[in-house]
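Scroll down for the structure; my scribbles are underneath it.
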Amino acid sequence: MKKILALCLTLIVLTASTCKKENLALVTGTYSGEFTVVYEDGKTHTNPVSVTFTENTYNSTASEDRFPAGGSGTFTLDKNSISFSDEHMWTADFDWALILNGKYDYQLKGKTLILSKKIGENLKGTMTYTLTKDN
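Heads up: the sequence shown runs through residues -21 to -1, 1 to 114, numbered per mature numbering (1 follows the signal peptide of the UniProt record, and there is no 0).
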């Protein structure tokens, strides 16, 4: 009985680690597209963006008006979400919610990666990165 239990636990651990490696392989590379933030008051900002994923690190470009603000650091993937941990020091002259940081829902459809996140303490809304993997 102990051998069966040990075998089952080993299979579960191997399966879980394989899934994480497969997920990482799915996003590795550079993705380009659009960042859009839509606030509850109807204001919308859209700009081009590029995000590069390498192993467990990421780097996101910023636009001049900081929609988006950019960001770089490490990330982890879960079944339907991706968590970014930005490693920059930032000035206080813009909304830090515009930094690629924190937990996002993600969808990967072929070469298209969609990241979305609800935001808001002062300004509520939704941020979406709609990206296509570069060749």
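Glycine included, C-beta positions come from ideal geometry on N, C-alpha and C.
Taking 7 Å as the limit between beta carbons, can you name the residues of its chain near V17, skipping five residues before and five after? T23, G104 and T105
So for L(-15), helix, strand or coil by DSSP? Low confidence applies to L(-15): its pLDDT is 40, below 50, so where it sits in the model is not reliable enough to give any reading.
Across which residues does DSSP place G11 in a beta bridge pair? A small correction: the amino acid at residue 11 is Ser; Gly does not occupy that position in the sequence shown. DSSP, once it has assigned bridges, lists S29 and T111 as partnering S11.
Rounded separation between G21 and Y37 - CA only: 30 Å
Stretch pair the region 41 to 55 + the region 65 to 78: three plus CB contacts closer than 8 Å: yes
Residue from W69, I61 and L56 with nearest C-alpha to G50: W69
Which residue or residues does DSSP assign as beta-bridge partners of residue 128? No answer is possible for residue 128: the residues shown for the chain start at -21 and end at 114.
Do P27 and S39 count as a contact pair if the criterion is CB distance below 9 Å? no
In chain order, what residues of the same chain lie with their CB nearer than 6 Å to the CB of L102, ignoring the 5 residues before and after it? Y18
Nearest-angstrom Cα distance between E100 and T9? 31 Å
Do T109 and I98 have their C-beta atoms within less than 9 Å of each other? no
Bridge partners of T56, per DSSP? In the sequence on display, residue 56 carries Leu and not Thr. For L56, which the question treats as bridged, DSSP gives the partners I61.
What does a CB cutoff of less than 7 Å around S60 pick up in its chain, not counting 5 residues either side in sequence? K82, Y83, D84 and Y85
Proximity below 9 Å, CB of N80 to CB of D57: no
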